[in-house]
Amino acid sequence: MLIEIKNLKKSYSLGENEIPVIHGINLHIEKNEYVAIMGPSGSGKSTLMNILGCLDTASSGHYYLNNIDVNTLDDDALSLTRNREIGFIFQNFNLLPRLNAIQNVELPLVYAGIPGIERREKALKALERVGLSDRLHHKPSELSGGQRQRVAIARALVTNPGILLADEPTGALDSITGVEIMRLFDELHKEGNTIILITHEQEIANYAHRNIYLKDGMIHSDQPNIKRKELS
Amino acid sequence: MQYGENIRLALQGLVDHKFRSFLTMLGIIFGVASVITMLSIGEGAKREAIAKYQDLGVSNIIVRERSLSDEELEEVRAKFSQGLSIQDANVIEEIVPGVERVASQAEKNTEVKFDDKSVKSTVIGITPNFLSLMNYKVQQGYFINEKHYNERLKVCVLGAGVAASFFKGEDPIGKLVKIDDQWLEVIGVLASKSLFTETVGELAARDLNTDVYVPLSLFLNRFTRDNILSSEIQQITVQINHSDKLIEASKIIDEILKRHHFNNDDYSIVIPYELLKQEEKERQIYNFLLGAIAAISLLVGGIGIMNIMLATVMERTREIGIRRSVGARKIDIMSQFVTESVAISITGGLIGVLIGVVLSLIVTLFTDITTFIKPYSVFIAFSFSVIVGVSFGYLPAKNAANLKPVDSIRYE
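Taken in sequence, the protein lines are chains L and P.
Note that the numbering used here has the first sequence beginning at 55, numbered continuously upward.
Note that the numbering used here has the second sequence beginning at 17, numbered continuously upward.
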């Protein structure tokens, strides 16, 4: 099993008050699933994504990733896990503005300690995969929103991670570009990647095979997506 | 993460923000430049002093006739003192322990003539061992020897300045020059010496290159004195075989002379080595002060770096978050920022070294202060700037590394 979450809780302390955000979640995600996590703002979906992505740790409960309890890992081990197992795709792309496309894609490999030539090869392949082999030396500011998101997806893919974790990936894009990105996700899923999509739009969630609704820090519903949109 | 990547990143950052980097470096640049300039001035002064005292001979004790007015001179003679004499020199050589050599010299200020040219000069009557006591070099020909001295030969050795003004391009050896009413044959020329610009005790500042040396025996026999009361010789130079014995020997010399001069205070004793030591001690305090000022300016430079780096970390919170999200460990972030501040301080240090060297040259060119840059001082200043970079870059780097990934990735 890829992801197993048992009675996970998360609360933030604001002054003296503990504000609970996630009230106890149980969840299983298998390899090569395509899951959308939905919910209104304040439902705890961003917090859940941070925990799933090892950017944050739970207050209590267990999160097993590849059968390892993430809650017991120290900072270095969490960094290593993010590097090896997680590929983030953010709403606002989060590319480094001073680096060009290929350097941005190489970044995770730099921290993985992979030597320069091999790094370049892998980054090239990842950029080819997302259809950007003609924009290798462009800075993010010289790329369109859709192209930036493709660079970010290439960066997420380049380490061959267990999970692609996408947080509102089309939120900053127009609808046509958004559809293109969703088509790319569909392809990546068919190639065997596990995709977890965080979104508040039903439209976007419809592309996934399984929809999970969060409400007030708890899972409100979790069912296969019968209305799944097929993309040609 | 490979270290080379960090260095590449840091240098890239410097180039990307040229103006800010330059402003950040400014403190280090001035700090290093001032350290180098100050050390070079200190070293220059030291070398000048050593050269000066080496001319006088660091193993010598110099006994010099005190310059007295005519009335004082009459009074002293009335109290039975004959002034410095060859007899004094002989007694010193016999009695004082540790004496290697003793040389007497008599002096007279007069004009030296060749053809229709004439030069104001100090004519010095010396004994043949003079050259081995003094740090002088013969440029051409040879110096006065035992034979010249014993046979009172009419020969002379010219200072470089005298030779230059008489014989332009001509060979001076064998030429005859006229001093007072005596014709003397030139047998040698001394190498040029630096100006003796400072008065040391009774040793007045003068240009040693205008001196003319003749055998003392000849001097006493053939030259008339300006004042009949003046003493037989003007200086006794005593060479001691060990520098530890200089003070002890000088005390004994003082005792002897006091007795022979009937307690008349008509001579003075100078120990160049002791003066050198004393001057060095004074300079040490001065150097320490200069060093402290330079160190403070480096410190201020370091604080400048820290300031900018702290601001940079704030500004780059998002970048740190992105790096953390793709797998950078705390230590990676930390070393990235430390490398950046070290890159700033090294670059600043290099520019500072350059400016320091140029400043030292300018000081030498436009003032009469001698400077000397020791490689050691460049090394000190440079390594200091690296240390400043590491230590003042540490805190901002630690702040950067300790940012929580989840907060920094969402930082707007």
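Note that beta-carbon positions come from the ideal geometry of N, C-alpha and C, so glycine has one too.
Remember, it's a predicted structure, so these values are computed and weren't measured experimentally.
Item	Value
In the DSSP assignment, find the unbroken beta strand (DSSP E) run with A262(L) in it and report its ends.	Unbroken run through A262(L): none, as it is neither H nor E.
I'd like to know if V164(L) contacts chain P, where contact means its C-beta is closer than 7 angstroms to some C-beta of that chain.	yes
G216(L): which of I250(L), I91(L) and A180(L) sits nearest, CA to CA?	I250(L)
Please look up how many angstroms separate the CB atoms of T224(L) and I235(L), rounded, as I've assumed it's under 8 angstroms.	6 angstroms
Exposed or buried, D104(P), counting other C-beta atoms within 10 Å across all chains shown (16 or more means buried)?	buried
Among the residues of its own chain, which have a CB less than 8 angstroms from the CB of L306(P), if the five just before and after it don't count?	M54, L55, I57 and G58
Output, in sequence order along the chain, the residues in the segment 332–353 of chain P whose CB is closer than 9 angstroms to any CB in chain L.	R334, E335, G337, I338, R339, R340, S341, V342, G343, A344, R345, K346, I347 and D348
Would you say the segment 346–360 of chain P touches the segment 149–163 of chain L, given that touching needs at least three Cβ pairs under 8 angstroms?	no
Quick one: using the 10 Å Cβ neighbour count with 16 as the cut-off for buried, is E87(P) buried or exposed?	exposed
With distances taken between CB atoms, is the gap from R209(L) to V159(L) smaller than 7 angstroms?	yes
Pick helix, strand or coil for T383(P), following the three-state DSSP scheme.	coil
Please state whether the Cβ-Cβ distance between P188(P) and V205(P) is less than 7 angstroms.	yes
Do S351(P) and N22(P) have their C-beta atoms within less than 7 angstroms of each other?	yes
Name, in chain order, the residues that DSSP records as bridge partners for G73(P).	None, per the DSSP bridge assignment.
Sorted by chain position, which residues of the same chain lie with C-beta nearer than 7 angstroms to L149(L)'s C-beta, five sequence neighbours on each side aside?	N158, P194, R202, V205 and A206
Sorted by chain position, which residues of the same chain lie with C-beta nearer than 6 angstroms to R340(P)'s C-beta, five sequence neighbours on each side aside?	P421
Quick test of the definition: if touching needs 3 or more C-beta pairs under 8 angstroms, does the segment 261–275 of chain P touch the segment 170–182 of chain P?	no
Can you tell me the Cα-Cα spacing of T143(P) and Q294(P), whole angstroms?	31 angstroms
Tell me whether P162(L) is buried or exposed, calling it buried when 16 or more other Cβ atoms sit within 10 Å of its Cβ.	buried
Give a yes or no on whether 7 angstroms exceeds the smallest Cβ distance from E428(P) to chain L.	no
I'd like to check one pair, A226(L) with N146(L): are the Cβ atoms closer than 7 angstroms?	yes
Compute the distance between the beta-carbons of S137(P) and V228(P), then report whether it is under 7 angstroms.	yes
I need the DSSP call for P412(P), collapsed to helix, strand or coil.	helix
On a CA-only basis, which of T101(L), G200(L), A112(L) and L219(L) is nearest S229(L)? Give me that one, please.	G200(L)
Starting from I321(P), trace the alpha helix (DSSP H) in both directions and tell me its first and last residue.	P288 to E331
Determine, for D240(L), whether the minimum Cβ-Cβ distance to residues of chain P falls below 7 angstroms.	no
Compare the beta carbon distance of K60(L) and T101(L) with 7 angstroms and say whether it is the shorter of the two.	no
Are N225(P) and A265(P) close, meaning C-beta to C-beta below 7 angstroms?	no
What does I425(P) touch in chain L if you count any residue whose Cβ is under 9 angstroms from its own?	N104, L109, F142, F144 and N148
Looking only at its own chain, which residues have a Cβ that is under 8 angstroms from the Cβ of L326(P), when we skip the five neighbours before and after it?	L411, P412 and N415
Nearest to K95(P) by CA position, among K194(P), D282(P), D197(P) and R24(P), is which residue?	D282(P)
Would you call T383(P) buried or exposed, if buried means 16 or more other Cβ atoms sit within 10 Å of its Cβ?	exposed
Mind listing which residues of the segment 115–128 of chain L have their C-beta closer than 8 angstroms to chain P's C-betas, in chain order?	none
Within its chain, find whatever has a CB closer than 7 angstroms to the CB of Y427(P); leave out the 5 residues flanking it on each side and keep chain order.	T333, R334 and G337
Can you tell which of L268(L), H274(L) and K281(L) has the C-alpha that lies nearest to the C-alpha of S97(L)?	L268(L)
Does DSSP classify Q198(P) as helix, strand or coil?	strand
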